[in-house]
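> For the sequence shown, my numbering gives the first residue as 2, with consecutive numbering after it.
Ideal Cβ placement from N, Cα and C applies to all residues, glycine included.
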Amino acid sequence: MGQKGFFTDTTLCIGCKACEVACKQWNQLPDDGLHFTGMSYDQTGDLGASTWRHVAFVERPVPLPGQKTGVGDFSWLMMSDVCKHCQRAGCLEACPTGAIIKTEFDTVYVQPDVCNGCGYCVVACPFGVIDRREDDGRAWKCTLCYDRLGEGMTPACAKACPTESIVYGDLDALRERADQRVRKLQGLGVTDAYLYGADAENQPGTGGLNAFFLLVDKPEVYNLPPDPVVPTMKQPAAWASVALGALGMAAVALGVVLLEREART
2 MGQKGFFTDT
12 TLCIGCKACE
22 VACKQWNQLP
32 DDGLHFTGMS
42 YDQTGDLGAS
52 TWRHVAFVER
62 PVPLPGQKTG
72 VGDFSWLMMS
82 DVCKHCQRAG
92 CLEACPTGAI
102 IKTEFDTVYV
112 QPDVCNGCGY
122 CVVACPFGVI
132 DRREDDGRAW
142 KCTLCYDRLG
152 EGMTPACAKA
162 CPTESIVYGD
172 LDALRERADQ
182 RVRKLQGLGV
192 TDAYLYGADA
202 ENQPGTGGLN
212 AFFLLVDKPE
222 VYNLPPDPVV
232 PTMKQPAAWA
242 SVALGALGMA
252 AVALGVVLLE
262 REART
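1. Under the rule that 16 or more other beta-carbon atoms within 10 Å means buried, what is LYS185, buried or exposed?
2. If you reduce the DSSP assignment to three classes, tell me which class ARG89 lands in.
3. Using 8 Å for Cβ pairs, my map puts SER166 next to LEU13. What's the rounded Cβ distance?
4. According to the neighbour-count rule (16 or more other Cβ atoms, all chains shown, within 10 Å of its Cβ), is TYR169 buried or exposed?
5. Quick check: what's the CA-CA separation for ARG178 versus ALA157?
6. From GLN204, ASP193 and LEU225, pick the residue whose C-alpha is nearest to that of VAL63; which is it?
7. Looking only at its own chain, which residues have a Cβ that is under 8 Å from the Cβ of ASP132, when we skip the five neighbours before and after it?
8. Should THR45 go down as buried or exposed, given a rule of 16 or more other Cβ atoms within 10 Å for buried?
9. Is ASP173 helix, strand or coil when you go by DSSP?
10. How far does the beta strand (DSSP E) with ARG139 in it extend, from its first residue to its last?
11. Could you tell me whether the stretch 76-85 touches the stretch 51-59, where touching means 3 or more Cβ pairs closer than 8 Å?
12. Less than 9 Å separating the beta-carbons of LEU216 and PHE8?
13. Who are PHE7's beta bridge partners in DSSP?
14. Smallest Cα separation from GLU202: which of LYS18, TYR42, ASP43 and GLN88?
15. Quick check on TYR42: buried or exposed, where buried means 16 or more other Cβ atoms within 10 Å of its Cβ?
16. Under the assumption that VAL115 contacts THR98 (Cβ atoms under 8 Å), give the Cβ distance between them as a whole number of angstroms.
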């Protein structure tokens, strides 16, 4: 089947939220309620168990490089966020029941009938994507429309995107397209354009993302971690610290015994 994924070009996003609506409709996800967040035009807040696509609106008091508008020192940054389907997925490595698997499309999928709701995957995700529903306690996230892929269809969000900000396809082809887009933008004066999570070299802490992004500001501005790392990658250093601590405690204990013997003699 080959590796499949998303390339999200944030410079093409117009904030229409068609992807959010299409995702909810196809996957029959519950609504998020009609709550005013006060975060610009963003009324969904972030990704969660019932929100698998989230369009962020970021208002900046600076213009985009290479662009001049009538609003002066101001610019919008919009991004449709989603599960990253990491090459090395922290949620998958933390799952004790085997509920989270890699599919034949190299995407990360949660099997709801196997999930026991332990929540280990929630704390293991460096992006804060996966979450548990309050009604049944099980973990849920984007499936990359696994049911549609099996029928040769495009994921609902990418199908609904009117500007092709979200593009679905083979990862190699997406990376080539993304590289060309970055070069074009930089040639047009948008010198801050770069790719986030395109491959293992770009993001070693996750091995690269199957859903990667083109950004024009620091990851933190988009509510993305600047250097995400899967927790298990820290295990060698953690065990080394434990070993050093144990040796230190043993040395102290031995020293106390020797001092006590000296005092008695």
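In terms of the structure at hand:
1. Taking the sequence shown and counting its residues from 1, one reaches residue 185 at position 184. So LYS185 counts as exposed.
2. Within the sequence shown, residue 89 is the residue found at index 88, counting from 1. Coil at ARG89, not helix or strand.
3. Here residue 166 refers to the residue found at position 165 of the sequence shown. Here residue 13 refers to the residue found at position 12 of the sequence shown. Contact holds; Cβ gap of about 4 Å.
4. Working through the sequence shown from its first residue, we reach residue 169 at position 168. Buried: at least 16 other Cβ atoms inside 10 Å.
5. Here residue 178 refers to the residue found at position 177 of the sequence shown. Here residue 157 refers to the residue found at position 156 of the sequence shown. One C-alpha to the other measures close to 21 Å.
6. As a working mapping, residue 63 is identified with position 62 in the sequence shown. Checking every option, the nearest Cα to that of VAL63 belongs to ASP193.
7. Sequence index remark: in the sequence shown, residue 132 carries index 131 (1-based). If we look at ASP132 and ignore the five residues flanking it on each side, its Cβ neighbours are LEU48, GLY49, ALA50, VAL123, ALA140, TRP141 and LYS142.
8. If you number the sequence shown from 1, residue 45 lands on position 44. The residue is buried, with at least 16 neighbouring Cβ atoms inside 10 Å.
9. In the sequence shown, residue 173 corresponds to position 172, counting from 1. Looking at ASP173 - three-state DSSP - the assignment turns out to be helix.
10. Taking the sequence shown and counting its residues from 1, one reaches residue 139 at position 138. Looking at the DSSP string, ARG139 is not in any beta strand (DSSP E), and its letter there is neither H nor E.
11. yes
12. Position 215 of the sequence shown, counted from the start, is the residue given in the question as residue 216. Position 7 of the sequence shown, counted from the start, is the residue given in the question as residue 8. In this structure, PHE8 does not lie closer than 9 Å to LEU216 by Cβ.
13. Taking the sequence shown and counting its residues from 1, one reaches residue 7 at position 6. Answer is TYR169 and ALA212, bridged to PHE7.
14. Working through the sequence shown from its first residue, we reach residue 202 at position 201. Considering only alpha carbons, the answer is GLN88.
15. Reading the sequence shown from its first residue, position 41 is the one you call residue 42. Under this definition TYR42 is an exposed residue.
16. Mapped onto the sequence shown, residue 115 falls at position 114. Mapped onto the sequence shown, residue 98 falls at position 97. Contact holds; Cβ gap of about 6 Å.
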